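Mapping of the sequence shown onto numbering that gives the first Met the number 0: position 183 corresponds to residue 182, and the numbering continues sequentially without gaps.
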Amino acid sequence: MVKLTEVSPTAGLPLQWRDFIGLPFGKFSKHALEIELAKFIGTDHAQIECSGTAALVVALEALKMVNADSTVRKEVVISAYTCPWVALAVIHCGLIPVVADSRPDHFDYCPKALKLACGPQTLAIIHTHLAGRVADVEPSKKIAKEIGAFVIEDAAQSLGATLHGRSVGLHGDIGFYSLGVGKGLTIFAGGVLVSEHPELRNAMQQVSEKLPARPIQEAKRIVELIAYYGLYRPLGMGLAFGYHLRRKLKRGNFIQAVGDDCTFKFPVHRVGRWRKRVGVNALKRLSQFFIDTRLQAERRVGLLAQIKGVKVLLDAPGGQGVWPFIVLVLPTESLRDAVLSQLWHRGLGVGRLFIHAIKDYAYLAPYFQQANTPNAQDFAARNLIISNSMWLKEKDFLKILDVLSAHLEAEQFANV
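Here you go:
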């Protein structure tokens, strides 16, 4: 039986019918979304690509273009716990991904591991602000400066977050964001590139201008965006998401359940004017949406923090993140799995982020055979996420709290 009402796994800004007004006709600058997003982020220029992955590909190709040591600098350092698409983008560009382990109980780099991973062959360090949480970019910037490398900020899940009052994505050499499904702002599939450096901006524009238009792929995205408008709401998520999730969970296919079944073949093409117009209209509501979701998250994080043994991931000092979901780290893998066995299938927005540390995906393992990442593997084994969707009502959130409290109390009693 299909459960029609379902909490979305992330707090994405729902589209409204008004976002489609004036489409596809009417006067509209083809760069309007770029202009408005640049204002929102707080920079002079933004560039739209067809996905966050495609944005990273364009960024890396631009760095290859401006890099004087193109024959030597072939390595890109990535976090040991990050989205698999990051590694695939690096490989797509003919570069070598090198993992640096995270610090304990976190996704952010262990400074010592990061330094060991970098060297004269490093083209760039990708520093990730994961799950809306703001990471400390300074260690990456310091090391990159010492070795003559670039810093790319992966803010795919963190559009709207700031560090020391300035948008994440603007602290390194290049930043990128995702406009994919379930993100704060979506055009179904999209990405945003920013840089404060004119040379890098020009290089990224040159790379982007060479991309094909692919009208059939764009037409498919338009249909998907319209369907997303109709289904991304409690009545519809059960059919669009929950039904398929529960089938995959029943088969024990966790990688497919969270969408980690990535492929080396992914589209890279220009984004059409129609979807950009939808994005411009929706963007007008984004700031208030972030305020509302932050207030809800702050209340709920306070309640979660009262459960002994639960660690809630927060922002680095000086950071103010956004809250698509809340990341928890539990004391043991078995405890985390016990909690998920009661909650993951119930349509309450509880689940997992990335199933593995990056080296443990079968399709990526050949690229990381020598990698030693115990902290990232431990983090992958003990974290879970709770949606911060406004559709997760208080009574349902309290059900989640009850399950967490019961399991943590039982664990503590067993250890007495």
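Ideal placement from N, C-alpha and C gives every residue a C-beta, glycine not left out.
All values derive from a computational prediction rather than experimental measurement.
What do you get for residue i, buried or exposed, if any count of 16 or more other CB atoms within 10 angstroms of its CB means buried?
i: E48; result: buried
i: R299; result: buried
i: F263; result: exposed
i: S286; result: exposed
i: D43; result: exposed
i: H163; result: exposed
i: E74; result: buried
i: W369; result: Note that residue 369 corresponds to Gln in the displayed sequence, not to Trp. Exposed: under 16 other Cβ atoms inside 10 Å.
i: W322; result: buried
i: Q46; result: buried
i: I215; result: exposed
i: Q15; result: exposed
i: N387; result: buried
i: P373; result: exposed
i: D314; result: buried
i: E208; result: exposed
i: I40; result: buried
i: A361; result: exposed
i: S101; result: buried
i: L294; result: exposed
i: A364; result: exposed
i: L397; result: exposed
i: R165; result: exposed
Per DSSP, which residues does residue i bridge with? Please list them.
i: Y108; result: S101
i: Q319; result: T161
i: L149; result: One point to set straight first is that residue 149 is Phe, not Leu, in the sequence displayed. DSSP lists A123 as partners of F149.
i: V193; result: G174
i: K310; result: V328
i: V76; result: V97, I124
i: E48; result: G190
i: T4; result: L234
i: S166; result: T161
Can you give me the Cβ contacts of residue i inside the same chain, cut-off strictly under 8 Å, excluding the 5 residues immediately before and after it?
i: A116; result: V76, V97, V98, A99
i: A61; result: I173, L199, A202, M203, Q205, V206
i: V180; result: G11, F187, A188, Y227, Y231
i: R274; result: I186, F187, G189, E217, R220, I221, L224
i: D359; result: Q376, A379
i: A37; result: D43, H44, A45, V193
i: T4; result: P233, L234, M236, G237, G346
i: G229; result: G235
i: S340; result: none
With a threshold of 7 Å on Cβ separation, who are the neighbours of residue i within its own chain once the five nearest residues in sequence on each side are excluded?
i: F19; result: V277
i: A337; result: H406
i: A143; result: I124, F149, V150
i: L302; result: L400
i: W390; result: V6, S7, P233
i: P103; result: N374
i: D107; result: S101, A134, D135
Which same chain residues end up closer than 6 Å to residue i when comparing Cβ atoms and leaving out the 5 residues on each side of it in sequence?
i: I254; result: D260, I354
i: S50; result: A188, G190
i: A154; result: H128, V167, G168, G174, Y176
i: L158; result: Y176, G183
i: N280; result: D18
i: R269; result: L210, A212
i: P119; result: none
i: V330; result: Before going on, a small fix: residue 330 reads as Pro here, not Val. Once the five neighbours on either side are set aside, the close Cβ partners of P330 are G308.
Three CB pairs or more closer than 8 Å across the segment 79 to 93 and the segment 303 to 321: Between the segment 79 to 93 and the segment 303 to 321, the count of Cβ pairs shorter than 8 Å is below three; the stretches do not touch.
Inter-stretch contact at 8 Å, needing at least 3 Cβ pairs: the segment 31 to 39 / the segment 197 to 216: A contact is defined here as three or more CB-CB pairs under 8 Å, and the segment 31 to 39 fails this definition with respect to the segment 197 to 216.
Secondary structure, beta strand (DSSP E): runs of 3+ residues fully inside the segment 349 to 390: Counting only runs of 3 or more, we get 382 to 386.
Any 3 or more C-beta pairs closer than 8 Å across the segment 117 to 134 and the segment 395 to 413: Output reads no: the segment 395 to 413 does not touch the segment 117 to 134.
Alpha helix (DSSP H) runs wholly inside the segment 197 to 266, at least 4 long, in chain order: The segment 197 to 266 is shown to contain whole alpha helix (DSSP H) runs of 4 or more residues at 197 to 208, 214 to 230, 233 to 236, 242 to 249, 253 to 257, in chain order.
Inter-stretch contact at 8 Å, needing at least 3 Cβ pairs: the segment 381 to 393 / the segment 344 to 359: Result yes; three or more Cβ-Cβ pairs closer than 8 Å.
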